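Colleague: Quick note on my numbering: the sequence shown kicks off at 1433 and runs consecutively.
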Amino acid sequence: MELTYSNQLSGFDPEKRYRNPEHFDKPEAGVTSVLVIGHWPSVVDAYEAAGIEVSVKEAKRVQIVGAANQVELEKIIAALRAEHGSIQILVDGLEAGEIHRPESGELALRLFEVLGTIHASVGELTAERDGLLLTVDELRDEVEALKKAAITPTAGEADEIVALKAKLDEAKVPYRANASKESLEKLVAELTKE
1433 MELTYSNQLS GFDPEKRYRN PEHFDKPEAG VTSVLVIGHW PSVVDAYEAA GIEVSVKEAK
1493 RVQIVGAANQ VELEKIIAAL RAEHGSIQIL VDGLEAGEIH RPESGELALR LFEVLGTIHA
1553 SVGELTAERD GLLLTVDELR DEVEALKKAA ITPTAGEADE IVALKAKLDE AKVPYRANAS
1613 KESLEKLVAE LTKE
């Protein structure tokens, strides 16, 4: 298989396979020959070391409009590389689970500030969520305690319920076995009306 390494954005030959040399990390298996368009020595060296035939073609030169001279152009390129490096350091730190302030790069510093704000907001939301979880757990405990208190009569109430049931049994008035004290009192009150 023949591979072409180029960072072009258009003009692809549908019969060829392309790879972007900016993302190169090692030679691909099954490659028989490589065409490298532009100055990509790491790609050339790696494939030559693997014993694969490599051809190099010079890339088309791109004129940057607005650059008065070569010195200005080199400054622009150096600034872009520094910015890229700062952003790369920031991204690498984030992937490792850390956030470090970059030493330079306007865009990288802005990105750091925004990520810091996001990190702080997530921390606040996490604290609020944890607080709500504690509140929910406390409410559940209260509900369970109230349920137990409503179901389990006190010793004095239990005696009153037994006495009310005895009166109803004596009068041969039917009632539910789990009837509340209030409903038993109503039934007894109706007995005295008769």
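Every residue, glycine too, gets a C-beta built ideally from N, C-alpha and C.
All figures in this text were calculated on a predicted structure; none of them were measured in a lab.
Taking the runs of the beta strand (DSSP E) that are 3 residues or longer, which of them lie wholly in the region 1549–1603?
Modeller: none
Colleague: With H, G and I counted as helix, E and B as strand and the rest as coil, what does DSSP make of V1468?
Modeller: strand
Colleague: Using a Cβ-Cβ cut-off of 7 Å (strictly less than) and excluding sequence neighbours within five positions of L1557, which residues of its own chain qualify?
Modeller: none
Colleague: On the criterion of 16 or more Cβ atoms from any shown chain inside 10 Å, does S1474 qualify as buried, or is it exposed?
Modeller: exposed
Colleague: How big is the Cα-Cα spacing for T1436 and A1552?
Modeller: 46 Å
Colleague: Does L1435 come out as helix, strand or coil in the three-state DSSP assignment?
Modeller: strand
Colleague: Between L1543 and L1522, which are expected to be in contact by the criterion C-beta below 8 Å, what is the C-beta distance as a whole number of angstroms?
Modeller: 6 Å
Colleague: Count Cβ pairs between the region 1558–1574 and the region 1529–1544 that sit closer than 8 Å; are there 3 or more?
Modeller: no
Colleague: Roughly how far, in whole angstroms, is the beta-carbon of E1434 from the beta-carbon of S1465, given that I think they are within contact range, below 8 Å?
Modeller: 5 Å
Colleague: Below 8 Å on the Cβ atoms is my guess for E1515 versus G1529; work out the distance and round it to an integer in Å.
Modeller: Between G1529 and E1515 the Cβ distance is about 24 Å, and since that is not below 8 Å, they are no contact.
Colleague: Using the three-state DSSP reduction, which class does R1533 fall into: helix, strand or coil?
Modeller: R1533: coil per DSSP, three-state reduction.
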